[in-house]
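Residue numbers (the UniProt record's numbering): 1 to 382.
Notes for the one structure printed next.
Take a look at the structure:
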């Protein structure tokens, strides 16, 4: 098995970083990767110490990205793929340089802080033919994929209305003033980019909307606001959206909604039926055909399609959640990378993994939402 694992390096994710540990757990869950090194902090000693915490070989715990790229390119056991798990403003340069050095990339979202940089990465992926996955991890849940398959097969009929929300309460007070590391960079335009909550969790809600429905949003009208005095980026956003087929949608993303921990929920209504899924109860999907009693589909239960079954790891009644969904993105990315190394086309669930195109789409969404809000919630095209 060890010989078949992809060798993974990580940029960021050192001591005190929440998302780095999540990426590492996700990468190991299906035994597809082995973390062999990385640059875990911009501080060289902290990077080395973080690598020691992870029991990695000291010579592969690099002080700088230059050191890592120069050394890894010439090793016979060179890294296959690099995970970029830094704050938003530090996604573009490492991802670009890793692609140019010939490595596959798995990058946290949003892809970049500017659309120009996102489009440049997309162009570079096309040039280098490297796999580039973006961790919109909620698309990895089995019942999200079940819903996508049901909608694609026409079980809901023509889609008319979509409602998506992502509500949290952890920024309801100025926690950034207490030194909270996760808060301080998210409310800082220099590190987070042009948006706050809309960039952090709104992009997840937007990607889930388009991923599940298979439809593209063509216009939106957004009203972004700051609830906590002194903040420079939005902590709440509400918007209306229009699809190419005439369907309508609403999206709400808030980090100042007391009583909500991680309230990502989506409801899709078609001419024949409706679906509802919530991230906090991810093992159930509510399906309501017109004129019939609603029914609950369960992860691992009977009647699921191929996309959902491929993402299920344990028997029915044993809950799966956030880490497993995150791991599905890593597993799908591994399938793409192996197919690329073997010179063949990928198939199955690997084709569902969010790519650089989804990353570009997320930045387009952020830019459109900010532009609309600055123009008093005017309709803006995507």
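Backbone N, C-alpha and C define an ideal beta-carbon position, used for all residues, glycine too.
Check	Outcome
Residue 233 versus residue 196: straight-line alpha-carbon distance, rounded	5 Å
Beta-carbon separation (whole angstroms), residue 35 vs residue 68, contact threshold 8 Å	13 Å between Cβ atoms; not a contact.
Candidates 220, 139 and 121: closest to residue 375 by CA position	220
Residues near residue 128 in its chain [Cβ-Cβ closer than 8 Å; skip 5 each side]	99, 100 and 102
Beta carbon of residue 266 nearer than 8 Å to that of residue 252	no
Cβ neighbours of residue 188 in the same chain (closer than 6 Å, five flanking residues each side left out)	none
Residue 64 versus residue 44 - alpha carbon distance	7 Å
Member of 295, 162 and 370 whose CA lies at the smallest distance from the CA of residue 249	162
Extent of the continuous beta strand (DSSP E) to which residue 331 belongs	No beta strand (DSSP E) contains residue 331, which is instead part of the alpha helix (DSSP H) from 322 to 341.
Coarse secondary structure for residue 370, derived from DSSP in three states	helix
Own chain residues within Cβ distance below 6 Å of residue 142, not counting five before or after	299, 308, 311 and 312
Contact the region 84 to 92 vs the region 104 to 111: 3+ CB pairs below 8 Å	yes
Residues sharing a beta bridge with residue 270, DSSP	159
For residue 380, the residue or residues it bridges with in DSSP	220
Three or more C-beta pairs below 8 Å linking the region 348 to 359 and the region 131 to 138	yes
C-alpha gap between residue 274 and residue 15, whole angstroms	44 Å
Contact set for residue 301: own chain, Cβ-Cβ below 8 Å, skip 5 residues either direction	316
Within 8 Å, strictly: CB atoms of residue 171 and residue 255	yes
Residue 258 versus 51, 176 and 167, residue with shortest Cα-Cα distance	167
Chain-order list of residues whose beta-carbon lies under 6 Å from that of residue 183 (same chain, five-residue window excluded)	175 and 176
Neighbourhood of residue 115 by C-beta, 8 Å cutoff - its chain only, sequence neighbours within 5 removed	360, 363, 364 and 367
Alpha-carbon spacing of residue 303 relative to residue 31, whole angstroms	28 Å
Anticipated Cβ contact below 8 Å, residue 47 with residue 62, distance rounded	7 Å
C-beta atoms of residue 260 and residue 169 nearer than 8 Å	yes
Where residue 206 sits in the DSSP three-state scheme	helix
Residue from 7, 29, 13 and 8 with nearest C-alpha to residue 322	29
Straight-line gap, residue 113 to residue 153 (C-alpha atoms, nearest Å)	36 Å
Cα-Cα separation between residue 207 and residue 201, rounded to whole angstroms	10 Å
Cβ neighbours of residue 245 in the same chain (closer than 8 Å, five flanking residues each side left out)	158, 159 and 215
Where residue 51 sits in the DSSP three-state scheme	helix
Exposure label - residue 283; buried when at least 16 CB within 10 Å	buried
Close Cβ partners of residue 2 (< 6 Å) along its chain, the five nearest in sequence each way excluded	With a pLDDT of 39 at residue 2, under the threshold of 50, the modelled position of this residue cannot be trusted; read the value that follows with caution. So the list is empty, once near-sequence residues are dropped.
CB of residue 268 within 8 Å of CB of residue 151, strictly	yes
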